[in-house]
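Following: one structure in structure tokens, then a few remarks.
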Amino acid sequence: MDWWEGVLANLASPPIVFFALGVLSVLLRTDLRLPEPVYTALATYLLMAIGFKGGVALAESGWSQVWRPGLAAVLLGCCIPLWCYPVLRRLVRLSPVDAAAVAAHYGSVSAVTFVAAVNYLNELRVPYEPHASAFLAVMESPAIVVGVLLGRLTQPQAAAEGGLPWRQVLHEALLGRSVFLLLGALAAGAICGARGEEATRGFFVAPFQGVLTLFLFEMGMVAARRLGELRRVGLWLIAFGLVMPMVHGAVGVVAGHFAGLSPGGAFLMGVLAASASYIAAPAAMRLSLPQANPTLYLTAVLAVTFPFNVTLGLPLYYQLARWWLGGLP
611 MDWWEGVLAN
621 LASPPIVFFA
631 LGVLSVLLRT
641 DLRLPEPVYT
651 ALATYLLMAI
661 GFKGGVALAE
671 SGWSQVWRPG
681 LAAVLLGCCI
691 PLWCYPVLRR
701 LVRLSPVDAA
711 AVAAHYGSVS
721 AVTFVAAVNY
731 LNELRVPYEP
741 HASAFLAVME
751 SPAIVVGVLL
761 GRLTQPQAAA
771 EGGLPWRQVL
781 HEALLGRSVF
791 LLLGALAAGA
801 ICGARGEEAT
811 RGFFVAPFQG
821 VLTLFLFEMG
831 MVAARRLGEL
841 RRVGLWLIAF
851 GLVMPMVHGA
861 VGVVAGHFAG
871 LSPGGAFLMG
881 VLAASASYIA
891 APAAMRLSLP
901 QANPTLYLTA
911 VLAVTFPFNV
921 TLGLPLYYQL
931 ARWWLGGLP
């Protein structure tokens, strides 16, 4: 399958079709809107489902197969903000605190982009490490901590006056809603094992595709509501939101390969590296870098990077993995 065929197949999948429908509903100014509790419930379900499935696989495969790619995921999460920061300062010309906040978002990960990537592999019937959701869990927090450090180190006066609320920052980074759900469900899956997976199949497996479709419908509406703010963030930040995910996707695929992952697993590592957080990172930045402009990081992530990744990015990263590793249809 070449890149264009992959794009067409991805665009014709139900989650992406409904993502486009969500965008269209906002552009046509309909009154469609999911209640906030429904959105929260859908996100909770998706995080629990992928975490539980990954925990079951972790119990079956053992830690010996996880530590190398897990370490690679942590290193990616730490390093991506470090090279994004100077790009954002010199090319995009953001202030130090804004550059640090945006860098943290692009070093952290999007669980929904990861779920869409898993769904993409399943549709192509490409095998991958079933414990890959563990990499998602360990990659979300390091970038947030690094981003906060970058932001605070560039504001010595603010740090001296107000101090650095490390307890709150670490709590948000390590025990925020998405991280806690992923790690908790991962532990539950590892404890329950295959018997637990069989017992919950009717809840965590059968409805998964439908829940993902409904969630992406809502994400389409969320992304479309940010489109009007693109003019405020500037062309350079838009370019950053398109180019850097492709760079990170290539780096992630190579890192996954050297960490011993299969081609499908290396593709997922590339997707994680290419994604950007819109749940954990914004909450942490509001707490620890309140001076940062949320319009910049939310618009870049939600109106540029997320739509690009779930529509055109997934087939692109798949082709990168196919070209670099081979062994993919």
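Going by my numbering, the sequence shown opens with residue 611, and the numbers climb by one from there. Think of the CB as a built atom: it goes at the ideal place given N, C-alpha and C, for glycine as much as any other residue.
Supposed contact pair residue j and residue i - C-beta distance, whole angstroms, cut 8 Å
i, j, result
"A834", "L637", "6 Å"
"P679", "F745", "6 Å"
"V881", "F724", "6 Å"
"S788", "L657", "6 Å"
"D641", "N903", "The Cβ separation is near 30 Å, so there is no contact."
"A913", "R841", "Contact doesn't hold; Cβ gap of about 11 Å is too wide."
"G859", "A883", "6 Å"
Extent of the continuous alpha helix (DSSP H) run through residue i
i, result
"Q819", "F818 to R836"
"V815", "From DSSP, V815 is part of no alpha helix (DSSP H); its letter is neither H nor E."
"L638", "From DSSP, L638 is part of no alpha helix (DSSP H); its letter is neither H nor E."
Environment of residue i [buried if 16+ CB atoms lie within 10 Å]
i, result
"L845", "exposed"
"E808", "exposed"
"H781", "exposed"
"G672", "exposed"
"S751", "buried"
"I801", "exposed"
"T650", "exposed"
"H905", "Reading the sequence as shown, one finds Thr at residue 905 and not His. Burial call: exposed."
"E739", "buried"
"R703", "exposed"
"E828", "buried"
"G838", "exposed"
"P900", "exposed"
"S674", "exposed"
"R700", "exposed"
Secondary structure of residue i, DSSP reduced to three states
i, result
"L657", "helix"
"R643", "coil"
"A809", "helix"
"V633", "helix"
"G851", "helix"
"S788", "helix"
"T764", "coil"
"S623", "coil"
"V676", "coil"
"F628", "helix"
"G844", "coil"
key: Entirely enclosed alpha helix (DSSP H) segments - the stretch 855 to 939, minimum 4 residues   = 873 to 884, 890 to 898, 904 to 909 and 924 to 935
key: Whole runs of the beta strand (DSSP E) within the stretch 683 to 762, excluding any shorter than 3 residues   = As far as the stretch 683 to 762 is concerned, it has no whole beta strand (DSSP E) run of at least 3 residues.
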